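S.K.: Numbering (our numbering), first residue to last: 3 to 338. Backbone N, C-alpha and C define an ideal beta-carbon position, used for all residues, glycine too. As the structure is a prediction and not an experimental result, all values here were calculated from the model. Have a look at the structure that comes next, please.
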């Protein structure tokens, strides 16, 4: 980036304004989403839903300057973020599985908006320090975010390598529902049927789902973007690792590819304390009776949806994909 461009982007101003969503401050909503003590906010334009704390500081992340050797992972929540983060880190770090099991993933691949995922209204000194630590990380950094492209630095895709992971919305809804039951920020008290309706109505954190996904899909031919599907990883994990490595200009050996594949297999992955966030239970931000790494299955929605709910979700998907060539895989006969 030239000096002129550098000065230009120091003056960046985010043209999205966040305002409180009145419904999320009502008793009914807060009884269901017990963790949202101050409700949620929605940005216009874009209708992005987030915490009030993020809404007050969105420009900080918008101005976060990407580096030309960064690797960014973008996803909607519960679409394979943790799994792919570990994949990226191993590919970029010579398949160092020893460090991958001894150093928390959140340290190795920071989550950019994590400081704002709280019901508080002020940014604490600890969270400010976390933001600063990302800026001071040595290169090459691997960073992850659930923010859509338009809320990140406008030069991100022209500067850094970006991996976007998509997942079929049926399994994403089920996984995000369980996540809302697990994480105390959400502390969701309702059932899946109610949650799915809030999801489809774009009234939960990180909504709306389809604009997030379709914006990335429209950029999939950009040379710095690798667009991949969670379901393809479930179908052929090693093959997807090979594709990611090629995108990142890495050349792992066959032995290393086998090692990464085995490390990422679900039976092994869920036992890895550096990724399963069991420490969250001790720190109080995870409920005791749940798992951060849950099932990771394609088609698990069939164990949860009533026929009526499935019909409503099918109609919602069809409506939102009208005019798009994006297709979802919602079931797999065989999966890793």
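Which residues does DSSP pair with residue 167 in a beta bridge?
M.R.: Within the chain shown, the letter at position 165 stands for residue 167. Residue 167 is bridged to 77 and 230.
S.K.: Taking the straight line between their C-alpha atoms, what separation do you get for residue 179 and residue 322?
M.R.: Looking up residue 179 in the chain shown gives position 177. Looking up residue 322 in the chain shown gives position 320. Approximately 21 Å between the Cα atoms of the pair.
S.K.: Could you please give the first and the last residue of the uninterrupted beta strand (DSSP E) stretch that includes residue 324?
M.R.: Here residue 324 refers to the residue found at position 322 of the chain shown. First-last for residue 324: undefined, no H or E at that position.
S.K.: Express the C-alpha separation of residue 257 and residue 149 in angstroms, rounding to a whole number.
M.R.: Start at 1 with the first residue of the chain shown, and residue 149 comes out as number 147. Start at 1 with the first residue of the chain shown, and residue 257 comes out as number 255. Distance between the alpha carbons of residue 149 and residue 257 is about 35 Å.
S.K.: Give the straight-line distance between the Cα atoms of residue 267 and residue 89, rounded to the nearest whole angstrom.
M.R.: Looking up residue 267 in the chain shown gives position 265. Looking up residue 89 in the chain shown gives position 87. Their Cα atoms are separated by approximately 11 Å.
S.K.: Please state whether DSSP places residue 46 in a helix, a strand or coil.
M.R.: By 1-based counting over the chain shown, the position of residue 46 is 44. Reduced to three states, the DSSP call for residue 46 is strand.
S.K.: Would you call the CB atoms of residue 42 and residue 52 closer than 8 Å?
M.R.: In the chain shown, the residue the question calls residue 42 occupies position 40. In the chain shown, the residue the question calls residue 52 occupies position 50. Result yes, Cβ atoms of residue 42 and residue 52 sit closer than 8 Å.
S.K.: Scan the segment 104-180 and note each continuous alpha helix (DSSP H) run of 4 residues or more that stays entirely inside, going in chain order.
M.R.: 107-110, 127-138 and 158-161
S.K.: Measuring alpha carbon to alpha carbon, tell me which residue in 224, 108 and 205 is nearest residue 147.
M.R.: The count along the chain shown starts at 1 and reaches residue 147 at position 145. If we check each option's Cα against that of residue 147, 108 comes out closest.
S.K.: Alpha carbon to alpha carbon, what distance is there between residue 200 and residue 181?
M.R.: Position 179 of the chain shown, counting from 1, holds the residue named residue 181. Position 198 of the chain shown, counting from 1, holds the residue named residue 200. Going from the Cα of residue 181 to the Cα of residue 200 covers about 15 Å.
S.K.: Quick check: the segment 226-245 against the segment 197-213, are there 3 or more CB pairs under 8 Å?
M.R.: no
S.K.: According to DSSP, simplified to helix, strand and coil, what is residue 66?
M.R.: Counted from its first residue, the chain shown places residue 66 at position 64. Here residue 66 sits in coil by DSSP.
S.K.: Note the first and the last residue of the continuous alpha helix (DSSP H) segment covering residue 268.
M.R.: What you label residue 268 is simply residue 266 of the chain shown in a count that begins at 1. Going by DSSP, residue 268 is part of the alpha helix (DSSP H) stretching over 268-271.
S.K.: Taking buried to mean at least 16 other C-beta atoms within 10 Å of its own C-beta, is residue 170 buried or exposed?
M.R.: In the chain shown, the residue the question calls residue 170 occupies position 168. So residue 170 counts as buried.
S.K.: Under 8 Å between the Cβ atoms of residue 111 and residue 144?
M.R.: Numbered from its first residue, the chain shown carries residue 111 at position 109. Numbered from its first residue, the chain shown carries residue 144 at position 142. Yes, the pair counts as a contact, with Cβ atoms nearer than the cut-off.
S.K.: Just to confirm my understanding: we take residue 162, look at its own chain, exclude 5 residues before and 5 after, and list those with CB closer than 6 Å. What are they?
M.R.: Reading the chain shown from its first residue, position 160 is the one you call residue 162. So the qualifying residues of the chain are 68, 72 and 74.
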